[in-house]
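Read in order, the letters of the sequence shown are residues 2 to 239 in the numbering used here.
Using N, Cα and C, we set each Cβ at its ideal position, and we do this for glycine too.
All of these numbers come straight from a predicted model, not from anything done at the bench.
Report on one structure; see the data block that follows.
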Amino acid sequence: MKTIKSILKLLILTLAFTTVSCDDEPVDPALDLSNGGGSASGDYWPTAINNEWIMERGGVELDPIKIIGTGNFGGQTYYKFAPQSGSGSTSSGSVTNWLNKSNGVYKLKTDDININVGGLTGTQTGYEFVILKDNIAVGQSWNGTYTQTTTYTGIPSITLTINYTGTILAKNVSATVDGETYNDVIKVSFVQNTSMPGAPPTTINSEYWFAKDVGVIKSISNDSGTIYESILVDYTLF
């Protein structure tokens with residue numbers, strides 16, 4: 002059970018944030034790709050190459066979130082971020098994320114993750130989900146499902162099923178983060194319900210703040226009473 006809890010915590014740590022041919026890889030069919038009937042209200046995650054955001058958690062800077070290239074998945078352009086590391090008391094790993102934007106819908110795609118949990122090495126399969134819809138009204142929601150399988154040598158695979166719901170909490174509001182005021186912010190609630198055979202379900206409640214023409218300025222995740230809060234402390238845009 003301790004190993005399972007470590008896997009779940011690593012999933013949350015890597016969520017907040019390859020030059021290979023991906024042309025034949027399909028987009029996850031479980032994704033809701035509808036745009037909600039509205040039009041994009043702006044750019045809440047600029048995607049120029051070399052854009053970089055520096056987040057801080059508990060006074061400690063995290064790995065830079067930097068766009069380093071592009072790829073094509075299912076005929077759509079995705080922007081590649083530099084690999085991010087995540088770690089807990091007994092687990093660690095590194096993950097590469099991709100971002101796609103289309104008509105106000107923002108999707109995050111994650112590559113397979115190589116992990117180490119208590120000295121056991123393994124792989125977690127990648128996943129994809131909608132992190133933001135800037136084209137829907139306050140109070141409106143979207144939802145989806147994805148699975149993630151963790152495999153260790155000589156140990157049966159563990160498959161997590163994650164059902165998520167995103168809800169727009171606020172739009173076009175001001176927010177101050179690390180002494181800087183952002184005047185056009187969308188606040189999003191993101192709830193993940195994780196289930197797996199032989200273990201009780203886990204619910205993770207998160208909130209993300211997106212500033213127009215800047216990107217993510219704050220994220221808060223509550224995992225069974227453990228709070229992970231990250232704030233933007235510096236950024237460079239091109």
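Counted within 10 angstroms of its Cβ, other Cβ atoms place residue i as buried (16 or more) or exposed
i, result
"residue 99", "buried"
"residue 186", "buried"
"residue 212", "buried"
"residue 1", "Since the displayed the chain opens at 2 and closes at 239, residue 1 lies outside it and no answer follows."
"residue 50", "exposed"
"residue 105", "buried"
"residue 118", "buried"
"residue 219", "buried"
"residue 179", "exposed"
"residue 167", "buried"
"residue 130", "buried"
"residue 203", "buried"
"residue 216", "buried"
"residue 15", "Any reading at residue 15 must be qualified, since the residue scores a pLDDT of 45, below 50, and its modelled position is unreliable; no value is offered."
Residue i: CB within 7 Å of a non-hydrogen atom of the ligand NAD
i, result
"residue 107", "This structure lacks the ligand NAD, and indeed carries no ligand of any kind."
Start-to-end residues for the beta strand (DSSP E) that takes in residue i
i, result
"residue 70", "66 to 74"
"residue 222", "216 to 224"
"residue 48", "That residue, residue 48, is in no beta strand (DSSP E); it is neither H nor E in DSSP."
"residue 78", "77 to 82"
"residue 318", "Here the chain covers residues 2 to 239 and nothing more, so residue 318 does not appear."
"residue 237", "227 to 237"
Presumed contact (8 Å Cβ cut-off) between residue i and residue j, rounded CB distance
i, j, result
"residue 115", "residue 95", "7 Å"
"residue 192", "residue 165", "7 Å"
"residue 57", "residue 234", "5 Å"
"residue 146", "residue 127", "In fact, because the Cβ distance is near 15 Å, the residues do not count as touching under 8 Å."
"residue 169", "residue 139", "5 Å"
"residue 141", "residue 103", "That belief does not hold up - the Cβ atoms of residue 141 and residue 103 are roughly 18 Å apart, past 8 Å."
Taking contact to mean 3 or more Cβ pairs, one atom from each stretch, closer than 8 Å, check whether the segment 119 to 126 and the segment 153 to 165 are in contact.
yes
If you pair each beta-carbon of the segment 167 to 176 with each one of the segment 228 to 238, do three or more pairs fall below 8 Å?
no
At 3 residues or longer, and completely inside the segment 148 to 214: list those beta strand (DSSP E) runs for me, N to C.
156 to 178, 181 to 197, 200 to 212
The segment 77 to 88 in contact with the segment 99 to 116 per 3-pair CB rule at 8 Å
yes
Quick check on the DSSP output: what are the complete beta strand (DSSP E) runs of length 3 or more inside the segment 122 to 146, in order along the chain?
128 to 134
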